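Here the sequence shown stands for residues 374 to 803, where the numbers follow the numbering used here.
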Amino acid sequence: MSDNAKQGFDTLQIHAGAAPDPATGARQVPIYQTTAYVFRDSDHAAALFNLAEVGNIYSRLTNPTVSALAERIAHLEGGAGAICCSSGHAAQIMALFPLMGPGLNIVASTRLYGGSVTQLSQTIKRFGWSATFVDFDDLDAVKAAIDDNTRAVFCESIANPGGYITDIPAIAEISNAAGIPLIVDNTSASPYLCNPIELGATLVVHSTTKYLTGNGTVTGGCVVDSGKFDWMQNDKFPSLSKPEPAYHGLCFGEALGPMAFTFHSIAIGLRDLGMTMNPQGAHYTLMGIETLSLRMRKHVENAKAVATWLENDDRIDYVTYAGLESSPYYDRIENICPRGAGALFTFAVKGGYDACVKLVDNLELFSHVANLGDARSLIIHSASTTHRQLTPEQQEAAGASPNVVRVSIGIEDPKDIIADLDQALAKATS
Ligand SMILES: *Cc1c(COP(=O)(O)O)cnc(C)c1O
């Protein structure tokens, strides 16, 4: 990693983790469509299982194509290691798994992707884990929510559905003082716009389904470890700091130092939970990442143009995009995401629920889907779709009021994106 650390983002997104294939010289990372790897002899097999030597055993644990992707994302995020998973939601469970146990909790931001709210408020209870949700702009509330059983703090860098940027250094200071890791979901920003590890995060999670792949082809996820957290500093993380009974008593913290979390996640997390990314999926994401910076620059440029146009249009009540000077979070861009505030935001249409439904139905270039981070412009009216079971009060709290639509601005010609909104708004508000 040290050789590449000096290279720029545009170089790393193409080269990190990928050398010419040792077997064939193939320049592009081959899709290793294979499950098992022949041991040289019994000693080699024993060394691999003891983690004394790094190598492939079985593709539930590691696969050369998937490992190339993990290494590339680790480089882009400035981490020590990474683990690829079958989806973004799998990555969130994998990030928590080495830290948590029955009766333990995390403190999470109220501003999260809707699916993450459900996962953390409901589903993790089945494991005996729980989450306390607080407003991450209220630093005293974050501090107060951390108790003796808290094992992580969880937030998004740029929070879906947009308009909110987390003050990551301030939150990292609180989690550090409590001796627990900060986990940042960097999906909406991508490592091009935001580097949570540089800002103090311990772990970064991604839904690679979104910007990293960038074209709506595969689901995937990733956990990146900074390698900087001292798991031995207290007795809160016995899986990493004490002999691990699930791996013949190996102490990962002692044996693997800054790679303890990564190896634990492969040797136990992937081995026993099996949320593995497949090599075909990794291939699509490797292809996508090669153009990440180019796409993100265009996403941001287009989002700014569209948000500015909307803000000045009489048919619109308000636009929540942190890239607009009117946003209360505009001041955070410089420190948190200096290359831009992403391309995901919401706007409120005069004419309320009915106008929003008509707007969505009359758009031609935009696709009406529950996704984000595609090269295509996407829109969803949350109140009539993903949030339709909620009460009006719950919809408002989630930023999904009946008069609000969420857009993920693509990389088409901005003139065409605006023209499409213009013609559909005319029909929706006439
Ligand atoms: C989509 C998304 C997820 C979940 O990822 P999947 O790949 O759909 O499982 C988590 N966090 C954020 C911010 C997302 O946008």
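Cβ atoms here follow ideal geometry from the backbone N, Cα and C, with glycine treated the same way.
Predicted, not measured: the structure shown is a model, and the values here were computed from it.
In this structure, the beta-carbon distance from Met-669 to Tyr-726 does not fall below 8 angstroms. Per the Cβ contact rule, the stretch 470-485 is not in contact with the stretch 730-750 (fewer than 3 Cβ pairs under 8 angstroms). Excluding the 5 residues flanking it on each side, Lys-677 has same chain C-beta neighbours closer than 7 angstroms at Gly-696, in chain order. Residue ranges of uninterrupted beta strand (DSSP E) with 3 or more members, entirely inside the stretch 584-660 and ordered along the chain, are 594-598.
Note that the stretch 406-416 touches the stretch 429-445; at least 3 beta-carbon pairs, one per stretch, sit closer than 8 angstroms. The three-state secondary structure of Asn-568, taken from DSSP, is coil. Contact check for Asp-690 against Asn-776 passes: the beta carbons are separated by less than 8 angstroms. From the listed residues Asn-522, Ser-638, Gln-406, the smallest Cα separation to Ala-463 is found for Ser-638. Closest in alpha carbon position to Lys-723, among Ala-773, Leu-798, Thr-764, is Leu-798. The residue among Ala-481, Ser-699, Asn-651, Phe-718 with its C-alpha nearest the C-alpha of Thr-438 is Asn-651. Contact holds between the stretch 536-543 and the stretch 699-707, because three or more Cβ pairs, one in each stretch, are under 8 angstroms apart. By the neighbour-count definition (other C-beta atoms within 10 Å, threshold 16), Ala-399 is an exposed residue.
Between the stretch 706-715 and the stretch 760-771, the count of C-beta pairs closer than 8 angstroms stays below three; the two stretches do not touch.
In the three-state reduction of the DSSP assignment, Glu-674 falls in the helix class, which pools H, G and I.
Around the beta-carbon of Pro-395, fewer than 16 other beta-carbon atoms lie within 10 Å, marking it exposed.
Distances from the CA of Gly-783 to each of Glu-766, Val-730, Asn-675, Glu-769 were compared; the closest alpha carbon is that of Asn-675. Pairing Ala-716 with Ser-781 gives a Cβ-Cβ distance under 8 angstroms. Considering only Gly-594, Gly-593, Thr-575, the residue with the shortest C-alpha distance to Met-632 is Thr-575.
One residue after another in chain order, those with a Cβ under 6 angstroms from a heavy atom of ligand 1 are Ser-460, Gly-461, His-462, Tyr-486, Gly-488, Ser-489, Glu-529, Asn-533, Asp-558, Thr-560, Ser-561, Ser-580, Thr-582, Lys-583, Thr-592, Gly-594, Leu-745.
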